[in-house]
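Enquirer: Sending over a structure as structure tokens; questions will come in a sec.
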Amino acid sequence: MASRGVARLRETILYVSNIPWTIGNNELKIYFTQFGKVMKVNLVFDKNTGFHRGYGFVSVKDSETTQTILQKSRHILDGKSIEVKAKEH
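Each residue of the sequence shown is one higher than the one before, counting from 1 in the UniProt record's numbering.
Written out as structure tokens, the structure is:
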């Protein structure tokens, strides 16, 4: 059980914004999987319109994956540049 807690400490949550409306959770996960293990993707949806609000969160397994993602100068999805930042606690 202790090892499980240690593993969670290494998991990082990334804040992703400027996501095109044509991109869903699955497409976001597929994109970030090229950099390493993606644990979870959560786009934030507007309950009134049913569309996502253009931002969300991506949880990656370890700090190495996080660094690889953050070191890339530009991330392009569906022809649009998205912003990626480490989520502050």
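C-beta: ideal position from N, C-alpha, C; glycine also.
Being a predicted model, the structure only gives us computed values, none of them experimental.
Spatial neighbours of D78 within its chain, please: C-beta separation below 7 Å, excluding the five flanking residues on both sides.
Expert: Excluding positions up to five away in sequence, the list reads P20, T22, I23.
Enquirer: Helix, strand or coil: how does DSSP classify V6 here?
Expert: Any reading at V6 must be qualified, since the residue scores a pLDDT of 47, below 50, and its modelled position is unreliable; no value is offered.
Enquirer: Would you kindly work out how many angstroms separate the C-alpha atoms of S17 and Q34, rounded to a whole number?
Expert: Between S17 and Q34, the C-alpha separation is close to 19 Å.
Enquirer: Please go through the same chain and pick out, in chain order, the residues whose beta-carbon is closer than 6 Å to the beta-carbon of V41, but skip the five residues on each side of it.
Expert: Once the five neighbours on either side are set aside, the close Cβ partners of V41 are N25, L28, K29, V58.
Enquirer: Pull up the distance between the alpha-carbon of L43 and that of T12, whole angstroms please.
Expert: Going from the Cα of L43 to the Cα of T12 covers about 16 Å.
Enquirer: Where does I69 fall in DSSP's three states?
Expert: I69: helix per DSSP, three-state reduction.
Enquirer: Determine the direct distance from the alpha carbon of M39 to that of F51, and round the result to whole angstroms.
Expert: Roughly 23 Å separates the two Cα atoms.
Enquirer: So, at 7 Å on beta carbons, what are the nonlocal neighbours of K37 in its own chain, with the 5 sequence-adjacent residues on each side left out?
Expert: The answer, listed in chain order, is V60, K61, T65.
Enquirer: How long is the line joining the alpha carbons of R10 and S63, rounded to whole angstroms?
Expert: Taking the straight line from one Cα to the other gives about 6 Å.
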